[in-house]
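Protein chains in written order, with my numbering: chain A, 1463 to 1718; chain B, 31 to 424.
Ideal placement from N, C-alpha and C gives every residue a C-beta, glycine not left out.
Since the model is a prediction, treat every value here as computed from it, not as a measurement.
Written out as structure tokens, the structure is:
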């Protein structure tokens, strides 16, 4: 089974996000294979949540579509269990703390381990509250990915020191979504991370074009792209696989 | 108890981007809450701008009609802007000013908190933007116009159910975009620490006054204090100073909508379970996968799928009781208080009046009930007319 650290062994990592169950589970299954084959080094599957406060309109709408189509946490566990043995790309879940808490923290992490999920990203679980999940994450060997933001400043060292898997650097203020320009001094953030830890550091939020990806990857070990992929899925629905494939290839090429 | 926790409830479950903003607020509040000048300025605003203390009125006709306990009404509806929301807003906006902020943002359900925030912003010369569920902008159109009149920009929120929870989501998203010059003036005893504590502290003036006024009028404490509960700020304010007085029953009245046993309800204590949302661990209406339920109530101010963390604790410890009140019961109480006492209560506050109508006849004549009339009902007249099938415009 591939690990998160494997994602960073193939040059700069391209990390792609899709909302699980958007527009349906079958399409998500196709997209997992397609993204892996087209060069994604790590795949984030979003477990849709009714009230995603860290997301912009693109992922909000994808979450609504997935939930309306009947996607549930259990259906995504089943899907990952089916697909992950055939993939050489590690998979992590991105979701909010409430779906994990309400499912049962222990049950959630044991299922993650069982079906081959390597880590989880929980945008509304900051450093101060991470003990909500660390005992269960540690027990089942699931990496709880830490996020740092442009406002983190003096918090970066504290967060990075205890980070697992990789450090998720949030490029900009605000919520997820495509941005025409990213003005944050990324290297100032990643320098602090590198002084505190040896684990890799990937940048996300707002990245959509190959040019942006190239620029951002200069200061990091990888780039994370969500909304731009989810937009393609929104446009082409069940037929989005080939369009996503083409996009992922162009992005991986830009950072290679 | 850990800082920012009420038993197991509370906490700071928010994106990393906001962490330094809430810490900055926490530090500022810890400093200014003991600052004599801040206390003096806020006191002056309460007295000379908001019209505090609000009256504690003996509802004699209602008492005689119900034939049981003596009923007093705490008249928060008489405050400037027409509800208890101004108590918290003046505190938070004064705090924002001391922190050097020039812009405030807020969510609103019924529009009362939005109107209060727009008012405070106008008074302090601050920029103000209000997020309000689209459905709520329709059922509370008058309040939208009031906010605009006061110089605020109102953003209708059409995501999700287009109600209070979606307005909170959108205000949080807006805050993560801009924190340097902006404070989120949260309207209820909810959200991440330090909001539940700050809002409670600015609202506890209600119970402090009730205590003084009832001692003055009756020479004794009341037997029960009733307040409606959505997020729970007026109830927390009305309960707080009575928490150590075990003889005083504290009763929160939740919005049951069409009934707590139907899906069209917003009664969190009656139907919810523990979860983590909007920055806090508390009780929420949700499904088994942790998806937040699309709640319903005739009252836009109580139409919220959660409850403040301190209420969740008071419920667990049994110190406060929580009862569900349906739309029909609330509308009936709205009309009853209007006709009996000549006081039109907010549809939110009418939930507490409705429970008093059930409770008072079961109590003896030497017992005392205080109902917190958290707001006035002028804003609800059109909606109640629609509910009753009256067409006001033809």
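- Task: Please list, in chain order, all residues of the same chain as residue 341 of chain B whose beta carbon is under 6 Å from its beta carbon, the five residues on each side excluded.
- Result: Scanning its chain for C-beta atoms nearer than 6 Å, with the 5 sequence neighbours on each side dropped, one finds around residue 341 of chain B the residues 262, in chain order.
- Thinking just about the alpha-carbon of each residue, which of A:1673, A:1474, A:1624 and A:1494 is nearest to the one in residue 1609 of chain A? Residue 1609 of chain A has its Cα closest to that of A:1624, out of A:1673, A:1474, A:1624 and A:1494.
- Tell me whether the beta-carbon of residue 331 of chain B lies closer than 7 Å to the beta-carbon of residue 314 of chain B. Contact flag unset, no.
- Taking 7 Å as the CB-CB cut-off, is residue 245 of chain B touching chain A? Answer no: the Cβ-Cβ gap between residue 245 of chain B and chain A never drops below 7 Å.
- Could you list which residues in chain B have their beta carbon closer than 7 Å to that of residue 1559 of chain A, in chain order? Ordered by position in chain B, the residues that pass the 7 Å Cβ test against residue 1559 of chain A are 43 and 306.
- For residue 348 of chain B, count neighbouring C-beta atoms within 10 Å of its own C-beta (all shown protein chains included) and say buried if the count is 16 or more, exposed if not. The residue is exposed, with fewer than 16 neighbouring Cβ atoms inside 10 Å.
- Task: Would you mind sorting residue 1678 of chain A into buried or exposed? The rule is 16 or more other CB atoms within 10 Å of its CB.
- Result: Residue environment analysis places residue 1678 of chain A among the buried positions, since at least 16 neighbouring C-beta atoms fall within 10 angstroms of its C-beta.
- Message: Three or more C-beta pairs under 8 Å: does that hold for the segment 115 to 122 of chain B against the segment 69 to 83 of chain B?
- Response: Between the segment 115 to 122 of chain B and the segment 69 to 83 of chain B, the count of Cβ pairs shorter than 8 Å is three or higher; the stretches touch.
- How would you write the range of the beta strand (DSSP E) that residue 185 of chain B sits in, first residue to last? For residue 185 of chain B, the uninterrupted beta strand (DSSP E) segment begins and ends at 183 to 187.
- By a C-beta neighbour count over all protein chains shown, 10 Å radius and 16 as the cutoff for buried, is residue 277 of chain B buried or exposed? Residue 277 of chain B is exposed by the Cβ-count criterion.
- Message: Does the CB of residue 206 of chain B have a neighbour CB from chain A at under 7 Å?
- Response: Yes, residue 206 of chain B lies at the interface with chain A (some Cβ there is under 7 Å from its Cβ).
- Task: Select from B:136, B:109, B:212 and B:418 the residue whose C-alpha is nearest the C-alpha of residue 80 of chain B.
- Result: With distances taken between CA atoms, residue 80 of chain B lies nearest to B:109 out of B:136, B:109, B:212 and B:418.
- Item | Rounded straight-line distance, which links the Cα of residue 1585 of chain A to that of residue 1715 of chain A | Near 28 Å, if we compare the C-alpha coordinates of residue 1585 of chain A and residue 1715 of chain A.
- Item | Separation of residue 359 of chain B from residue 429 of chain B, as counted between CA atoms | In the structure as shown, chain B begins at 31 and stops at 424. Residue 429 of chain B is therefore absent and cannot be evaluated.
- chain A within 7 Å of residue 320 of chain B, Cβ atoms only: Interface annotation, residue 320 of chain B: in contact with chain A, CB-CB separation under 7 Å.
- Query: What's the C-alpha gap between residue 328 of chain B and residue 357 of chain B?
  - Reply: If I take the Cα positions, the gap works out to 6 Å.
- Message: Just verifying my parser: in three-state terms, what is the DSSP assignment at residue 87 of chain B?
- Response: Strand at residue 87 of chain B.
- Could you tell me if residue 117 of chain B is buried or exposed, where buried requires 16 or more neighbouring beta carbons within 10 angstroms of its beta carbon? Buried: at least 16 other Cβ atoms inside 10 Å.
- For residue 1563 of chain A, three-class secondary structure by DSSP: Taken through DSSP and simplified to helix, strand or coil, residue 1563 of chain A comes out as helix.
- Endpoints, alpha helix (DSSP H) assigned at residue 238 of chain B: Element bounds for residue 238 of chain B: 235 to 248.
- Task: Would you mind telling me which residues of chain D sit closer than 8 Å to residue 1641 of chain A, beta carbon to beta carbon, in chain order?
- Result: You won't find chain D in this structure, because its protein chains are A and B.
- Where do the N-terminal and C-terminal ends of the alpha helix (DSSP H) with residue 1679 of chain A fall, by residue? Note, residue 1679 of chain A: alpha helix (DSSP H), 1672 to 1679.
- For residue 1580 of chain A and residue 68 of chain B, the rounded distance between their alpha carbons: In this structure, the straight-line span from the alpha carbon of residue 68 of chain B to that of residue 1580 of chain A is close to 51 Å.
- Message: Quick check on residue 1637 of chain A - is its C-beta less than 7 Å from some C-beta in chain B?
- Response: Yes, contact with chain B.
- chain B beta carbons: is any one of them nearer than 7 Å to that of residue 1595 of chain A? No, residue 1595 of chain A does not count as interfacial toward chain B.
- Message: Which residues in chain A have a C-beta closer than 8 Å to the C-beta of residue 316 of chain B? List them in chain order.
- Response: Chain A residues near residue 316 of chain B: 1560 and 1564.
- Task: Look at the Cβ atom of residue 1497 of chain A, then the Cβ atom of residue 1505 of chain A, and state whether they are nearer than 7 Å.
- Result: Yes, the pair counts as a contact, with Cβ atoms nearer than the cut-off.
- Message: Just to confirm, is the Cβ distance from residue 226 of chain B to residue 215 of chain B under 7 Å?
- Response: Note that the C-beta distance between residue 226 of chain B and residue 215 of chain B is not below 7 Å.
- Item | CA nearest to the CA of residue 1509 of chain A, picked from A:1699, A:1522, A:1633 and A:1501 | Checking every option, the nearest Cα to that of residue 1509 of chain A belongs to A:1522.
- Message: Quick check on the DSSP output: the alpha helix (DSSP H) that includes residue 197 of chain B runs from which residue to which?
- Response: First-last of the alpha helix (DSSP H) with residue 197 of chain B: 194 to 207.
- Query: Helix, strand or coil: how does DSSP classify residue 416 of chain B here?
  - Reply: Residue 416 of chain B: helix per DSSP, three-state reduction.
- Message: Run through chain B and tell me which residues come within less than 9 Å of residue 1614 of chain A, C-beta to C-beta.
- Response: Chain B residues near residue 1614 of chain A: 46, 47, 49 and 50.
- Expected contact under 8 Å - CB spacing of residue 201 of chain B and residue 137 of chain B to nearest Å: With 8 Å as the limit, residue 201 of chain B and residue 137 of chain B qualify as a contact, their Cβ atoms being about 4 Å apart.
- Message: Does the CB of residue 35 of chain B have a neighbour CB from chain A at under 7 Å?
- Response: Residue 35 of chain B does not count as touching chain A.
- Message: For residue 308 of chain B, which residues in the same chain have their Cβ closer than 7 Å to its Cβ, ignoring the five residues on either side in sequence?
- Response: Excluding residues within five positions, the ones whose Cβ falls inside 7 Å are 198, 220, 221 and 336.
- Item | Other residues of its chain near residue 160 of chain B: CB distance less than 6 Å, five sequence neighbours each side excluded | Around residue 160 of chain B: 136, 138, 144, 177, 182 and 184.
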